[in-house]
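Numbering (UniProt numbering), first residue to last: 1 to 81.
From the three backbone atoms N, C-alpha and C, an ideal C-beta is built for every residue, glycine too.
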Amino acid sequence: MAKIVLDVDNKNKDTVLMILKNLKSDLIKDIKVDNKPIGKSSLVKRTQAVAEDEFLPKAVSTSSKYLSKDAFKARLQNKGK
Numbered sequence: 001m002a003k004i005v006l007d008v009d010n011k012n013k014d015t016v017l018m019i020l021k022n023l024k025s026d027l028i029k030d031i032k033v034d035n036k037p038i039g040k041s042s043l044v045k046r047t048q049a050v051a052e053d054e055f056l057p058k059a060v061s062t063s064s065k066y067l068s069k070d071a072f073k074a075r076l077q078n079k080g081k
């Protein structure tokens, strides 16, 4: 079995561990940090909040005093009936 040793600064340790964790599980048999096995807390995948984008649909705000474009059209159509 081949071994690969990486020297990583402490500030980059979490990033490198995340990259290694996201590799196929069959590729790596064991990961050790500072001669100690990694705790489960460092192996948890971190999720990142999706930033708002002009192309993504925005959540409907119910606190606004104005209706959305679609809600306004639906209200007009209901009044006409």
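Pull up the distance between the alpha-carbon of L6 and that of F72, whole angstroms please.
Cα to Cα, L6 sits roughly 60 Å from F72.
According to DSSP, simplified to helix, strand and coil, what is K29?
It is coil, neither helix nor strand.
In whole angstroms, what is the alpha-carbon distance linking L20 and S68?
Each residue's Cα considered, the two are about 45 Å apart.
Let's see if you can read the secondary structure: which residues bound the alpha helix (DSSP H) around K11?
Where K11 is concerned, there is no enclosing alpha helix (DSSP H), given that its DSSP letter is neither H nor E.
Out of D26, L17, R75, which has the shortest C-alpha to C-alpha gap to D9?
The candidate whose alpha carbon is nearest that of D9 is L17.
Using CA coordinates, which residue listed in L27, R75, K11, L76 is at the minimum distance from M1?
Ranking the options by Cα distance to M1, first place goes to L27.
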